[in-house]
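If you read the sequence shown in the UniProt record's numbering, its first letter stands for residue 1, the second for the next number, and so on.
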Amino acid sequence: MSSFHRDTWVEVDLDCIYENVQAIQEHVTKGVTVIAVVKANAYGHGDVQVANVALEAGAKYLAVSFLDEAMSLRQQGITAPILVLGASRVSDLPLAAKEDITLTVFQKEWVEEATSAYQGTEVVKLHLKLDTGMGRIGARTQEEVAQILELIDKAPNLQIEGIYTHFATADELQSSYVEQQFERFHSLLNQVTNQFSIPMIHCGNSATTLRFPTRIFNAVRVGIAMYGLTPSPEMEPELPFPLKEAFSLHTKLVHVKKLSIGESVSYGATYTTKEEEWIGTVPVGYADGWIRKLQGMNILVDGKFAPIVGRICMDQFMVKLPHELPIGTKVTLIGKQDGKKISSNDVAAKLDTINYEVPCMISYRVPRMFLRNGSIMEVRNYLQDKPLE
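Here's what the structure looks like:
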């Protein structure tokens with residue numbers, strides 16, 4: 001087990017992830033494949049740990065953004081199917097075949113190059129991405145879709161396993177645009193499903209899965225909901241079941257001092273005491289992902305809300321304490337203390353962003369502590385990890 005030498009850590013409650021995946025599996029039609037999205041180090045939670053518990057909870061497939069992320073999972077012992085959602089190089093087809101990693105295809109030119117350049121006998125599985133209105137990657141026209149599938153069908157070492165799209169506004173209660181995307185997806189599918197055998201069809205991200213469980217075909221890609229976070233604030237009252245947030249962030253006071261009236265705190269002297277105040281120093285800063293815009297945010301100290309005062313530094317910030325507290329008092333930036341809670345949603349609201357960004361931005365400097373059945377299962381200290389050979 002890796003160790004760490006600072007009093008700052010993330011706790012990832014794997015039981016929450018397990019229960020979220022099980023609830024999603026029960027929510028969708030029986031037989032629908034749950035694809036657990038563990039890209040970006042599982043949204044900052046820990047890729048292999050989340051992947052293992054998601055598979056244990058019933059997920060049958062994993063998804064990442066890049067081939068490097070898929071290879072990281074393979075190197076850590078994950079043998080389950082993995083889909084790369086982003087672009088991959090044709091030159092990496094032999095590696096994908098060797099490691100049984102499924103790639104996304106969305107350009108006719110890529111397939112033409114692949115059929116010419118890849119001469120291996122091992123089959124590479126592919127999912128065709130359709131752009132039905134996201135405007136990101138994906139084939140857009142019926143002609144292009146047909147050409148791609150015909151090229152793959154003729155190649156003995158390429159196999160079309162799936163076809164999918166991604167909705168841009170499924171997390172918004174106004175559903176006219178997502179309905180347009182549904183219609184366009186159906187239109188493109190109708191052209192090809194009679195001609196080609198495509199085992200997996202999926203359009204359901206977390207929001208789509210939660211809101212439209214009967215319209216998701218035979219697989220869903222579950223990301224943010226698996227981690228216990230709602231895809232958008234407006235969806236919160238509409239959830240079909242409660243989600244359990246898995247991520248929390250904690251530290252301890254390293255210094256406590258009493259300041260007199262008129263004394264200033266941190267860079268720029270942007271905060272000046274209006275009375276005698278107890279100020280605590282917290283060993284977390286913007287290099288850990290706790291960025292300067294969070295000045296003024298309430299955190300939890302000794303079970304009470306306390307505001308961040310002064311500018312957040314690279315490695316530390318200051319907090320106005322309710323009263324004198326001992327060094328070593330636990331501080332919670334995200335999570336619960338004595339019945340009070342700060343969610344990633346609260347941090348996102350302060351930053352005027354989405355909750356997806358919050359766990360992702362907590363950097364590699366912060367060790368991850370993985371909990372299972374209320375006990376510490378593993379500690380991952382990324383600063384002590386050995387580089388890949």
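Idealized CB from N, CA, C, for every residue including glycine.
Inter-residue Cα distance where the pair is residue i and residue j
| i | j | result |
| --- | --- | --- |
| Asp315 | Trp290 | 9 Å |
| Ile82 | Arg6 | 35 Å |
| Ile148 | Val84 | 18 Å |
| Lys129 | Ala246 | 30 Å |
| Leu73 | Phe217 | 27 Å |
| Met1 | Met134 | Any reading at Met1 must be qualified, since the residue scores a pLDDT of 46, below 50, and its modelled position is unreliable; the value itself is stated next. The straight-line gap from Cα to Cα measures roughly 42 Å. |
| Val379 | Asp302 | 24 Å |
| Ala54 | His202 | 18 Å |
| His186 | Gln337 | 48 Å |
| Glu161 | Phe196 | 10 Å |
| Asp171 | Val222 | 13 Å |
| Arg365 | Ser248 | 15 Å |
| Phe370 | Val282 | 23 Å |
| Lys340 | Lys244 | 15 Å |
| Lys60 | Glu19 | 16 Å |
| Ser176 | Arg215 | 15 Å |
| Arg292 | Gln159 | 49 Å |
| Ser343 | Ser116 | 51 Å |
| Ala80 | Val48 | 11 Å |
| Cys16 | Ile224 | 13 Å |
Bridge partners - residue i, DSSP secondary structure assignment
| i | result |
| --- | --- |
| Trp278 | Lys258 and Leu321 |
| Thr332 | His250 and Leu300 |
| Trp9 | His250 |
| Ser375 | Arg372 |
| Thr169 | DSSP, once it has assigned bridges, lists no residue as partnering Thr169. |
| Met200 | Gly162 |
| Gln181 | Looking at the DSSP assignment, Gln181 forms no beta bridge with any residue, so it has no partner. |
| residue 468 | Past the edges of the chain, shown from 1 to 389, lies residue 468, and the structure says nothing about it. |
| Leu128 | Val105 and Ile163 |
| Ile327 | Its beta-bridge partners do not exist; DSSP assigns none. |
Neighbourhood of residue i by C-beta distance below 8 Å, restricted to the same chain and skipping five residues each side
| i | result |
| --- | --- |
| Asn157 | Ala97, Tyr118, Gln119, Gly120, Thr121, Glu122, Val123 and Val124 |
| Ile261 | Thr273, Lys274, Glu275 and Glu276 |
| Leu173 | Glu234, Met235 and Glu238 |
Neighbour-count burial assignment, residue i, 16 or more Cβ in a 10 Å radius
| i | result |
| --- | --- |
| His323 | exposed |
| Thr251 | buried |
| Lys39 | buried |
| Ile312 | buried |
| Ala219 | buried |
| Asn345 | buried |
| Tyr267 | exposed |
| Ile334 | buried |
| Thr353 | exposed |
| Phe106 | buried |
| Arg136 | exposed |
| Gln76 | exposed |
| Ile376 | exposed |
| Gly296 | exposed |
Closest Cα partner of residue i within the set the options
| i | options | result |
| --- | --- | --- |
| Lys274 | Lys320, Val111, Leu294 and Pro231 | Lys320 |
| Ala70 | Glu56, Val53, Ala54 and Ser88 | Ser88 |
| Ile279 | Lys293, Arg292, Ala155 and Glu263 | Glu263 |
| Thr8 | Val284, Asp100 and Lys258 | Val284 |
| Ile35 | Tyr164, Thr132, Asn190 and Val145 | Tyr164 |
| Ala155 | Leu126, Glu143 and Arg140 | Leu126 |
| Thr104 | Gly138, Glu143, Tyr43 and Met361 | Gly138 |
Beta-carbon proximity list for residue i, same chain, < 6 Å, skipping 5 on both sides
| i | result |
| --- | --- |
| Pro213 | His27 and Val28 |
| Phe167 | Val178, Gln181 and Thr208 |
| Leu388 | Confidence in Leu388 is poor, its pLDDT being 48 and thus under 50, which makes the residue's placement unreliable; the coordinate value appears in the next sentence. Result list for Leu388: empty, nothing under 6 Å. |
Same chain only: Cβ atoms within 7 Å of residue i, ignoring 5 sequence neighbours per side
| i | result |
| --- | --- |
| Glu112 | Leu151 |
| Trp110 | Val90 |
| Thr270 | Gly310 and Arg311 |
| Gln22 | Ala57 and Gly58 |
| Gln142 | Leu188 and Gln191 |
| Phe241 | Ala23 and His27 |
| Tyr286 | Arg292, Ile312 and Met314 |
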